[in-house]
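**Student:** The structure's right below; bear with me while I get my questions together.
Protein chains: 2
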Amino acid sequence: MAEPNKTKGTLTIYDVAHHAGVSIASVSRVLNGQGSPRAETRERVMRAVRELSFVPDGAARALSNGLKEVVAVVFRRGGENEFQDEDESLLFMDVINRGVEVAAQRQGFDVLISSVGITDDNVAARIALIAGKVDGLILHDRLLSAVAIARLAGIVPVVTLAGSPTPSSMNVRCDNETGMRALVRHLVIDHGYRSVAYLSGTADSPDNQARARVFEAEATGSGAQVQVGPSWQGNYNAAGGASVITSLLDAGAELPRAIVCANDQTALGVMHALARRGIKVPDEVAVTGFDDVPVARHLHPPLTTVRQPIQELGATAFEVLYARISAAGGAPEVVLPVELIVRQSCGCAGGATLPRRPASIAGHEI
Amino acid sequence: MAEPNKTKGTLTIYDVAHHAGVSIASVSRVLNGQGSPRAETRERVMRAVRELSFVPDGAARALSNGLKEVVAVVFRRGGENEFQDEDESLLFMDVINRGVEVAAQRQGFDVLISSVGITDDNVAARIALIAGKVDGLILHDRLLSAVAIARLAGIVPVVTLAGSPTPSSMNVRCDNETGMRALVRHLVIDHGYRSVAYLSGTADSPDNQARARVFEAEATGSGAQVQVGPSWQGNYNAAGGASVITSLLDAGAELPRAIVCANDQTALGVMHALARRGIKVPDEVAVTGFDDVPVARHLHPPLTTVRQPIQELGATAFEVLYARISAAGGAPEVVLPVELIVRQSCGCAGGATLPRRPASIAGHEI
DNA sequence: TAGGGTCCGGTAAGCGCTTACCGGTAAGCG
DNA sequence: CGCTTACCGGTAAGCGCTTACCGGACCCTA
Chain D
337 MAEPNKTKGT LTIYDVAHHA GVSIASVSRV LNGQGSPRAE TRERVMRAVR
387 ELSFVPDGAA RALSNGLKEV VAVVFRRGGE NEFQDEDESL LFMDVINRGV
437 EVAAQRQGFD VLISSVGITD DNVAARIALI AGKVDGLILH DRLLSAVAIA
487 RLAGIVPVVT LAGSPTPSSM NVRCDNETGM RALVRHLVID HGYRSVAYLS
537 GTADSPDNQA RARVFEAEAT GSGAQVQVGP SWQGNYNAAG GASVITSLLD
587 AGAELPRAIV CANDQTALGV MHALARRGIK VPDEVAVTGF DDVPVARHLH
637 PPLTTVRQPI QELGATAFEV LYARISAAGG APEVVLPVEL IVRQSCGCAG
687 GATLPRRPAS IAGHEI
Chain E
337 MAEPNKTKGT LTIYDVAHHA GVSIASVSRV LNGQGSPRAE TRERVMRAVR
387 ELSFVPDGAA RALSNGLKEV VAVVFRRGGE NEFQDEDESL LFMDVINRGV
437 EVAAQRQGFD VLISSVGITD DNVAARIALI AGKVDGLILH DRLLSAVAIA
487 RLAGIVPVVT LAGSPTPSSM NVRCDNETGM RALVRHLVID HGYRSVAYLS
537 GTADSPDNQA RARVFEAEAT GSGAQVQVGP SWQGNYNAAG GASVITSLLD
587 AGAELPRAIV CANDQTALGV MHALARRGIK VPDEVAVTGF DDVPVARHLH
637 PPLTTVRQPI QELGATAFEV LYARISAAGG APEVVLPVEL IVRQSCGCAG
687 GATLPRRPAS IAGHEI
């Protein structure tokens, strides 16, 4: 009864019980608010816990009641350079992850974050291992094949991002279609640009594919001339966007009146490259992004783009997953709405400009 | 022997053993490469594992061998606005966390990420709960009092970032002193600026305190005139930096020749505010940052700053922690070197100064 | 062919916690 | 005053895995 908190072996619920003069069952009940312990019992346990600064072992709890209260989110790490220069590319995924975390916290869950290198092999195996440590998995896109996902889904509930649901996994994504449609209409109809191009993201990205598809359909449909092809292949980052423009220019190609970039980072690179060649945005060439990352409005000129509720995407992913974990619930597919953000890179005038499409407000400044 | 992977209750090592016609011990041994199973045994187990797509339960393993292979990193989330506009402030901590993750992965560990809101109460309790789920804790600064940290350290190994070691916890930080000293000397001695100010970060940040202290000592020591006081109190983000400048200007104060900002984001805000008032950087006022976040070199003009090995900071934190987890090792304190990065916001001439990173699409633009 | 040494692989004992189950005590009632 | 009813709290059985320990099979040697 009197040899207290030596930093000897981790202390257990037995130690607490002993210290408080009750049984381990009582300690557990007090700690979890089960049953109806007498006030005195509760008090003794609490005091013992405090005096010993006892913390119950998560693994043991998890084993015992089959709930780890942890979900994992897995995504693809930049690429080549593991340490250097991952740049702004962090942003997008990190915001999603933050959303997951915030939502998870509301349910007392914690979040295991794991990135896989683009070059890593046996990705499926690594993820499977992670699956063993959690109650559910949130997978960013371009991580695993559909069958690999299905296999995982047999082990723990799985939510994918920006993909498509499978019979056993759920999916959450943004409404690329509507966003791209609004964007193209703004450029082609409102601004009257007759030639447009889509500077794509990585080819295997489902988001990119959807955007490309809608872009082409909508632009063609509106009677604009569309430039496409391998020379317009980017990779979602600034360097990619810049090099596409540079090559095009070096090859003597004539740029379209407006360039729709697969995402904001690409737009950033494009604007860089154009600036370096002395081409004015938006006067000579209009440029738009997709995502509305925070820096978008700090650009010169501020970037017209489509806002995705990025953090909410993550939060929603967790919620869907949680519904499945705690019951059989969980919608198999959720599509989040996006919003056209008109700033100036599309050719709209400074501050004053928005009366065109009333629905979408513009953010401004810092 | 023939009722396979129904999605019935999670399958266990017993199922695998049964399916393979061996004992659970053999399965475990094969899975962990212990002992020397006969080739045939190994093969049968592997096949069973594959056929059932079995994944061992992490909680059970953890309980059994006292190692969860998970560490947590905890940090303070932005603040007021939980969802909106957390902006670039993400960057810094996320890069650290990425460093932790990469290092952890090398040892087969995973990383639990948890942020605490600035307003959250009973933070210590939440962290304690997390402690129960992991083998070690990495705590960003300004999270917990020294005694709270000490208490935690009695439960699992703890590494703090940008703090100071305690008898029971370890610490990893960057060499603010040397960096700030070099920066101030560059401004005061190389450029000859006679009046300088330090636009501080949040008052309770140990990094900020160190920087402020050295700034003042070094500037005064070099004979420059130093502006200080509550009117120079920032908060590590762009809005804070901008509002300090705006207030100062509104109050009719005369700006010093050079403003040393507590970090890059503050500098970004300052440069915005100055630009809005038509004040030229660096011609009228020089501005410097601290951190060298990726955007720093895209600013107008490119930001002179002190590079901290941010990702390495995280990686080192993990390594120190790991050393303690897997043995009694682990240096109680590690100080990482920093590097002065001279660009143009300090007044140094353009292009010539930076053969540093030829790879990056040398940027401009805000 | 018998004895001793090697290997493998199986059995069973936990790891720290939750909780079903049950026995004891106290309160309520006839 | 004795019996029922309620309510607590203790005992013990797992949760799924690792591993110490031990027995059997096989091989080699004499």
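Here the protein sequences line up with chains D and E, keeping their order.
Mapping to our numbering: the first sequence position 150 is 486, numbers consecutive.
Mapping to our numbering: the second sequence position 209 is 545, numbers consecutive.
Here a beta-carbon is modelled for each residue, glycine too, at the ideal position from N, C-alpha and C.
Using a cut-off of 8 Å between C-beta atoms, extract the partners of I491 of chain E located in chain D.
**Tutor:** Correct list: T346, S389 and V391.
**Student:** Can you name the start and end residues of the beta strand (DSSP E) that D446 of chain D belongs to?
**Tutor:** Element bounds for D446 of chain D: D446 to V452.
**Student:** Could you round the C-beta distance between V410 of chain D and L479 of chain D to whole angstroms and report it? I think they count as a contact, below 8 Å.
**Tutor:** Yes, they are in contact, since the Cβ atoms of V410 of chain D and L479 of chain D sit about 6 Å apart, within 8 Å.
**Student:** Nearest to E387 of chain D by alpha carbon, out of D:L347, D:D600 and D:E669?
**Tutor:** That would be D:L347, whose Cα lies nearest to the Cα of E387 of chain D.
**Student:** Can you tell me the Cα-Cα spacing of D471 of chain D and V670 of chain E, whole angstroms?
**Tutor:** Going by the C-alpha atoms only, they are around 36 Å apart.
**Student:** Per DSSP, what kind of secondary structure is I595 of chain E in: helix, strand or coil?
**Tutor:** Correct three-state label for I595 of chain E: strand.
**Student:** Considering only DSSP beta bridges, list what G472 of chain D is partnered with.
**Tutor:** Answer is D:V407.
**Student:** Using a beta-carbon distance below 9 Å, is E379 of chain D in contact with chain E?
**Tutor:** It does not: the Cβ of E379 of chain D has no partner Cβ on chain E nearer than 9 Å.
**Student:** Is I661 of chain E helix, strand or coil by DSSP?
**Tutor:** Correct three-state label for I661 of chain E: helix.
**Student:** Report the residue from E:I525, E:S481 and E:L519 whose alpha carbon sits nearest the alpha carbon of S505 of chain E.
**Tutor:** That would be E:S481, whose Cα lies nearest to the Cα of S505 of chain E.
**Student:** Going by DSSP in three states, T496 of chain E sits in which element: helix, strand or coil?
**Tutor:** Note: T496 of chain E maps to strand in three-state DSSP.
**Student:** Of the choices D:R517, D:G650, D:E437 and D:V407, whose alpha-carbon is the least far from that of G557 of chain D?
**Tutor:** Comparing Cα-Cα distances from G557 of chain D to each of D:R517, D:G650, D:E437 and D:V407, the minimum goes to D:R517.
**Student:** Going by the CB atoms, is the gap between A533 of chain D and I595 of chain D shorter than 9 Å?
**Tutor:** Taking 9 Å as the Cβ cut-off, I595 of chain D and A533 of chain D qualify as a contacting pair.
**Student:** Our contact map puts V483 of chain D next to A467 of chain D with C-beta atoms below 8 Å; I'd like the distance itself, whole angstroms only.
**Tutor:** That belief does not hold up - the Cβ atoms of V483 of chain D and A467 of chain D are roughly 15 Å apart, past 8 Å.
**Student:** Should A589 of chain E go down as buried or exposed, given a rule of 16 or more other Cβ atoms within 10 Å for buried?
**Tutor:** The residue is exposed, with fewer than 16 neighbouring Cβ atoms inside 10 Å.
**Student:** Less than 8 Å between the CB atoms is what I'm expecting for V624 of chain D and G537 of chain D, so what's the real figure, rounded?
**Tutor:** According to the sequence provided, residue 624 of chain D is Thr. The question's Val does not apply to it. Not really, about 14 Å apart at Cβ, beyond 8 Å.
**Student:** State the CB to CB distance for the pair L448 of chain E and V406 of chain E, rounded to an integer number of angstroms; the pair is presumed to be in contact (CB under 8 Å).
**Tutor:** Contact holds; Cβ gap of about 6 Å.
**Student:** Taking the straight line between their C-alpha atoms, what separation do you get for Y572 of chain D and A548 of chain E?
**Tutor:** About 39 Å.
**Student:** Who does L672 of chain E pair with in a DSSP beta bridge?
**Tutor:** Partner(s): E:C510.
**Student:** At least one CB of chain E closer than 9 Å to the CB of L448 of chain D: is that the case?
**Tutor:** At least one chain E Cβ lies under 9 Å of L448 of chain D.
**Student:** Along the stretch 477-505 of chain D, where does the CB come closer than 7 Å to a CB of chain E? Name the residues.
**Tutor:** For the stretch 477-505 of chain D, which is checked against every Cβ of chain E, the residues closer than 7 Å are R487, G490 and I491.
**Student:** Whole angstroms are fine: how far does the CA of S362 of chain E sit from the CA of A375 of chain E?
**Tutor:** Cα-Cα distance, rounded: 12 Å.
**Student:** Is it buried or exposed, I454 of chain D, if we count other Cβ atoms within 10 angstroms and call 16 or more buried?
**Tutor:** The residue is exposed, with fewer than 16 neighbouring Cβ atoms inside 10 Å.
**Student:** Beta-carbon within less than 7 Å of W568 of chain D's beta-carbon, same chain only, minus the 5 sequence neighbours each way: which residues are those?
**Tutor:** Hits under 7 Å: A533, Y534, L535, S536 and V580.
**Student:** If I measure Cβ to Cβ from I360 of chain D and keep anything under 7 Å in the same chain, skipping five residues before and after, which residues do I get?
**Tutor:** Contacts found: I349, Y350 and A353.
**Student:** Do E513 of chain D and A546 of chain D have their CB atoms nearer than 9 Å?
**Tutor:** Contact: yes.
**Student:** Please check the pair G435 of chain D and G650 of chain D, which I expect to be a contact at CB under 8 Å, by giving their CB distance rounded to whole angstroms.
**Tutor:** 3 Å between Cβ atoms; contact.
**Student:** Which residues in the same chain have their Cβ closer than 7 Å to the Cβ of P723 of chain D, if we skip the five residues on either side of it in sequence?
**Tutor:** Examination of residue 723 of chain D is not possible in this model, given that chain D is present from 337 through 702 alone.
**Student:** Helix, strand or coil: which one does DSSP assign to D543 of chain E?
**Tutor:** Of the three classes helix, strand and coil, the one that applies to D543 of chain E here is helix, per DSSP.
**Student:** So with Cβ pairs under 9 Å, would you call D627 of chain E a contact of chain D?
**Tutor:** No - not a single Cβ of chain D is within 9 Å of the one on D627 of chain E.
**Student:** Under 7 Å Cβ-Cβ, which residues of chain E neighbour L399 of chain D?
**Tutor:** Within chain E, the residues near L399 of chain D are A395, A396 and L399.
**Student:** Should P637 of chain E be labelled buried (16 or more other beta-carbon atoms within 10 Å of its own) or exposed?
**Tutor:** The residue is buried, with at least 16 neighbouring Cβ atoms inside 10 Å.
**Student:** In angstroms with no decimal places, state the Cα-to-Cα distance between A611 of chain E and Q647 of chain D.
**Tutor:** Those two C-alpha atoms are separated by around 31 Å.
**Student:** Give me the chain D residues within the contact set of G472 of chain E, using Cβ-Cβ distance strictly less than 8 Å, ordered along the chain.
**Tutor:** Chain D residues near G472 of chain E: none, gap ~13 Å exceeds 8 Å.
**Student:** Is D627 of chain D helix, strand or coil by DSSP?
**Tutor:** In this structure, D627 of chain D counts as strand in the three-state DSSP scheme.
**Student:** Nearest-angstrom Cα distance between A632 of chain D and V524 of chain D?
**Tutor:** A632 of chain D and V524 of chain D: Cα-Cα distance of roughly 22 Å.
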